[in-house]
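**Student:** Position 331 of the sequence shown, counted from 1, bears residue number 331 in the UniProt record's numbering, the numbering being contiguous throughout. We put the beta carbon where it would ideally sit given N, CA and C, even for glycine.
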Amino acid sequence: MTFLRTEGRRFVDESGATVRLRGVAVGGWLNMENFITGYSGNESLMRATVRAVLGEERYELFFDRLLSAFFADADAELLAGAGLNCVRIPVNYHHFEDDRAPFVFKEDGFRHLDRAVEACARHGVYSVIDLHALPGGQNHHWHSDNPTHRAAFWEHPHFQDRVVAMWEHIADHYKDNPWVAGYNPINEPADESREVVGPFYRRLVEAIRKVDDRHILFLDGNTYSTEFDVFAEPWENTVYVCHDYAAPGLGRGGDYPGVTDGRHYDRAALEAKYADRTAYCRRTGTPVWVGEFGPIYTGDERVDAMRRRLLDDQLDIYRRDGAGWSIWMYKDLGRQGVVMVRPDSAYLTRFGDFVAKKNRLGADQWGSDGRGVAEVTEPFQELIAREVPGFDPYPWGRFDWVRTLILNIAVAQPLAYEYAELFRGLGDDDLIALADSFALANCDVRTPLLDQLRTG
């Protein structure tokens, strides 16, 4: 096995043969997300509330079993059998250090990550290590384990110092492993000032390269991997990663082709957006790798058929351009994953009503139309629009700002305690059965989606 590297617009192995990286992100695993495993709010809050109910020993029993079941050798085998050759592994910084002990790295921090890298390697699949949640929150939303609506990472050098040290630690651990394709150091940075992210990337690249000069760096653009003017000339052996979600495939999506949020979307619109997001790569002659994309499914066959058509168009655009990609995401409760926990599983038998309540209230942002209980949210949206008509906050404007505060914080965070209470009174065997619901043998495969990826 040899290390991958970049050569012009291609990924190549050490013989110079082209390797087009195509795969999935194992979201919701080492960086847990509410819509993926069914809790409410952000991961740190969820873990704290569940620990308070279960106690330390049984908390560790459940979460270690969940992490062991969620991604194992059988999952890597399934992906390799579909012709995919890359797994992006999102990781929360809490696996490496605690906020109460910064710069002190946990002895077992790599245990599950190593296991996944080794399982993928056994089946000829590369891994990309993605630091998805950074201290302080590098963006404004739940997926960076952010309990607020502010990206404090960019405001505090302490957080930045910790991430530099963390990546030196990670790079030293994997520097001799050729099955790791590379490092994705910051998922979806969102520096509103646009003054910190560029210099910090320079500092971070230099620090990693002093430890490891062989692995590819996968650098996300600013503002959720959509803006690339923070980069000057490209660094060697570096990929500038775009994320390419299409509005018709998201929570407020309309028909495709058709109108979403007042704009018409068809294949031409997708091509134009892709061209804009990848303009830096074409100008600099560097590879294109779409680090995240993919529609959300609804259970309504008319809608889902349009979502599959949208995905076909995106995959064809990428294929024609020779672009690599990593779709979001591999496994969840049925909203988006290639693999889905079964409705009659122990987990959904226990938590299904809670998940339904959460969806009714709009507590999760991903997949929601952002309205929740409309008689509560719409008057507030109208109030802000009327009283502060010029308010257009970073990153996504007034509507997202209001719904984040009302639904995804003020509603979602109290629900985290209700989720935790559902663990009360469960025995060890019950906890193991809940966790094992996420094992591949106990899940269903979304076969049409896997077939699309196979040919993509």
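Thinking C-alpha only, which one of ARG162, GLY198, ILE208 is nearest TYR183?
**Tutor:** The residue with the shortest Cα to Cα distance from TYR183 is ILE208.
**Student:** Would VAL373 be called buried (16 or more neighbouring beta carbons within 10 Å of its own) or exposed?
**Tutor:** So VAL373 ends up on the exposed side.
**Student:** Among TRP328, GLN160, GLY83, which one has its Cα closest to the Cα of PHE103?
**Tutor:** Nearest of TRP328, GLN160, GLY83 to PHE103, Cα basis: GLN160.
**Student:** Taking the alpha-carbon of LEU21 as reference, which of PHE11, ALA119, SER437, CYS242 has the nearest alpha-carbon?
**Tutor:** Nearest C-alpha to LEU21: PHE11.
**Student:** Excluding the 5 residues preceding and the 5 following TYR280 in the sequence, name in chain order all residues of the same chain whose CB lies nearer than 7 angstroms to its CB.
**Tutor:** Excluding residues within five positions, the ones whose Cβ falls inside 7 angstroms are PHE228, PHE231, TYR240.
**Student:** Measuring only the C-alpha atoms, how far is ARG5 from LEU431?
**Tutor:** Taking the straight line joining both Cα atoms gives about 43 angstroms.
**Student:** My understanding is that GLY124 touches ALA80, with C-beta atoms under 8 angstroms, so please give their C-beta distance in whole angstroms.
**Tutor:** Indeed, because the Cβ distance is near 6 angstroms, the residues count as touching under 8 angstroms.
**Student:** Determine the contact status of SER44 and ASP145, defining contact as a CB-CB distance below 7 angstroms.
**Tutor:** Against a cut-off of 7 angstroms, the Cβ pair of ASP145 and SER44 comes out as a contact.
**Student:** The beta strand (DSSP E) with GLU292 in it runs from where to where?
**Tutor:** It spans 289–292 - the beta strand (DSSP E) in which GLU292 sits, taken as one unbroken run.
**Student:** Do GLY285 and GLY8 have their beta-carbon atoms positioned less than 7 angstroms apart in this structure?
**Tutor:** Cβ atoms of GLY8 and GLY285: closer than 7 angstroms.
**Student:** Ignore the nearest five residues each way along the sequence and tell me which others in ASN237's own chain have a CB closer than 6 angstroms to its CB.
**Tutor:** If we look at ASN237 and ignore the five residues flanking it on each side, its Cβ neighbours are ARG5, THR6, ILE216.
**Student:** In the stretch 245–283, which residue ranges form an unbroken beta strand (DSSP E) of at least 3 residues, counting only runs that do not cross its ends?
**Tutor:** The qualifying runs are 258–260, 263–265.
**Student:** Measuring only the C-alpha atoms, how far is LEU310 from TRP167?
**Tutor:** Their Cα atoms are separated by approximately 36 angstroms.
**Student:** Tell me the DSSP secondary structure of ASN184 in three-state form.
**Tutor:** Strand, per DSSP.
**Student:** Mind checking whether TRP289 and GLY324 have CB atoms under 7 angstroms apart?
**Tutor:** Going by C-beta atoms, TRP289 is nearer than 7 angstroms to GLY324.
**Student:** Out of GLU292, PRO90, ASP313, which one is the CA nearest neighbour of TYR256?
**Tutor:** Residue ASP313 is the option with its Cα nearest to TYR256.
**Student:** Quick one: what's MET340 bridged to in DSSP?
**Tutor:** Answer by DSSP bridge pairing, in chain order: ASP332, ASP444.
**Student:** Entirely within the stretch 162–215 and at least 3 residues each: give me those beta strand (DSSP E) ranges in chain order.
**Tutor:** Runs of the beta strand (DSSP E) inside the stretch 162–215: 180–184.
**Student:** Roughly how many whole angstroms lie between the Cα atoms of ILE406 and LEU449?
**Tutor:** Rounded to the nearest angstrom, the two C-alpha atoms are 33 angstroms apart.
**Student:** Decide if ARG88 is buried, meaning its Cβ has at least 16 other Cβ atoms within 10 Å, or exposed.
**Tutor:** By the 10 Å Cβ count, ARG88 comes out buried.
**Student:** For the beta strand (DSSP E) containing SER225, name the first residue and the last one.
**Tutor:** Here SER225 belongs to no beta strand (DSSP E); instead the alpha helix (DSSP H) covers 222–225.
**Student:** Would you mind giving the Cβ-Cβ distance between LEU422 and ARG350, rounded to the nearest angstrom? I have them listed as a contact below 8 angstroms.
**Tutor:** Indeed, because the Cβ distance is near 6 angstroms, the residues count as touching under 8 angstroms.
**Student:** Who are the Cβ neighbours of PHE200 in its own chain at under 7 angstroms, not counting the five residues just before and after it?
**Tutor:** Counting only Cβ-Cβ distances below 7 angstroms, and skipping sequence neighbours, we find GLN160.
**Student:** ASN34 and ASP364: beta carbons closer than 7 angstroms?
**Tutor:** Yes, Cβ-Cβ distance for ASN34 and ASP364 is below 7 angstroms.
**Student:** Taking contact to mean at least 3 C-beta pairs separated by less than 8 angstroms, is the stretch 50–64 in contact with the stretch 92–103?
**Tutor:** Output reads no: the stretch 92–103 does not touch the stretch 50–64.
**Student:** In the structure shown, what three-state DSSP assignment does LEU219 receive?
**Tutor:** Three-state result, LEU219: strand.
**Student:** Does DSSP put LEU296 in a helix, a strand or coil?
**Tutor:** Here the sequence assigns Ile to residue 296, which means Leu is not the residue at that position. Coil at ILE296, not helix or strand.
**Student:** Taking the alpha-carbon positions, what's the PRO287 to THR377 distance?
**Tutor:** For PRO287 and THR377, the distance between alpha carbons rounds to 43 angstroms.
**Student:** Please work out which residues of its chain come closer than 6 angstroms, Cβ to Cβ, to ALA420, disregarding the five sequence neighbours upstream and downstream, and give them in chain order.
**Tutor:** Closer than 6 angstroms at Cβ, skipping near neighbours: THR49, VAL50, VAL53.
**Student:** What does the Cβ neighbour count give for ASP108, buried or exposed, with the cut at 16 atoms within 10 Å?
**Tutor:** Under this definition ASP108 is an exposed residue.
**Student:** Please classify PRO414: is it buried, with 16 or more other beta-carbons within 10 angstroms of its beta-carbon, or exposed?
**Tutor:** So PRO414 ends up on the exposed side.
**Student:** If you draw a straight line from the C-alpha of ALA346 to the C-alpha of THR278, how long is it?
**Tutor:** Roughly 43 angstroms between the two C-alpha positions.
**Student:** My assumption, with CB atoms under 8 angstroms, is that PRO135 sits in contact with VAL163. Please give the rounded CB distance.
**Tutor:** Indeed they touch by this definition, with Cβ atoms about 7 angstroms apart.
**Student:** Taking the beta carbon of ALA388 as the centre, do at least 16 other beta carbons fall within 10 Å, making it buried, or is it exposed?
**Tutor:** Note on identity: in this sequence residue 388 is Val, with Ala being the wrong assignment. VAL388 should be labelled exposed.
**Student:** State the beta-bridge partners of TYR347 as determined by DSSP.
**Tutor:** Answer is none; TYR347 lacks a bridge partner.
**Student:** Spell out the partners DSSP gives PHE11 in its beta bridges.
**Tutor:** For PHE11, which the question treats as bridged, DSSP gives the partners THR6.
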